[in-house]
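For the sequence shown, my numbering assigns the number 138 to the initial residue and increments by one for each residue that follows. Backbone N, C-alpha and C define an ideal beta-carbon position, used for all residues, glycine too. Computed from a prediction, not measured in an experiment: that's the story for all the values here. Here is the structure we will look at, set down as structure tokens.
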Amino acid sequence: MTHESFGQRIGRVLRHWRSSRADAQRAFPESTLTAAAQAITAGEQTHRGEVRFIVEKSLPTDEVWDGITSRQRALALFADYGVWDTEDNCGVLIYVNLAEHKVDIVADRGIDRKIDEATWQAVCRTMTDGFRRGDFNGATLAAIGQVNALLREHFPAHGARPNELPDRPIML
């Protein structure tokens, strides 16, 4: 929970209210979602990780009012979508909060032991820098490529394995 003034909280609520489904669909059209799914699928053939990509146009109003941060929301979605529940503890959530222009990556405990926070922040910057330029497709695919490369380095595939989580991005 953040420690915002009343004015800051109202501003944050308004920012989330103004974020529309149409804005999200312009930033992440079907072609970008399909390309992201294909990149996740291809990457997962080369490592033991499971990657989920969730884009949220805005937080639920009660969560904004309660001061829930983008990071706290990402952690909740990590749990809600079972990203933590993979056999090798190799789940990674890439979470985009469009209203706040934030990207968070949550990695399961097996991955956190090998990849530090600064590395994940660099991946997040790849996305936010690209988003600032209006390149949602390119930035998303570049970040997924970086995540796949990190997972391939630390958790290489050892033959065929089942796909434990859907590869299709989720738009909330």
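Taking a contact to require three or more Cβ pairs closer than 8 Å, the stretch 181–201 and the stretch 220–228 qualify as touching. Cβ-Cβ distances below 7 Å link residue 215 to 221, 230 and 243 in the same chain, with the five nearest sequence neighbours on each side left out; the list follows chain order. Per DSSP, residue 177 is not a residue of any beta strand (DSSP E); the alpha helix (DSSP H) it occupies stretches across 167–181. Runs of the beta strand (DSSP E) lying entirely within the stretch 236–280, each at least 3 residues long, are 239–244 in chain order. Taken in chain order, the complete beta strand (DSSP E) segments of 3 residues or longer contained in the stretch 187–220 are 187–193. Per DSSP, reduced to three states, the secondary structure at residue 151 is helical. Nearest to residue 237 by C-alpha distance, out of 258, 142 and 151, is 151. Each of 307, 305 and 285 was checked against the Cα of residue 185, and the nearest Cα belongs to 285. Per DSSP, residue 296 lies in no beta strand (DSSP E) and is assigned neither H nor E. When DSSP states are grouped into helix, strand and coil, residue 234 belongs to the strand group.
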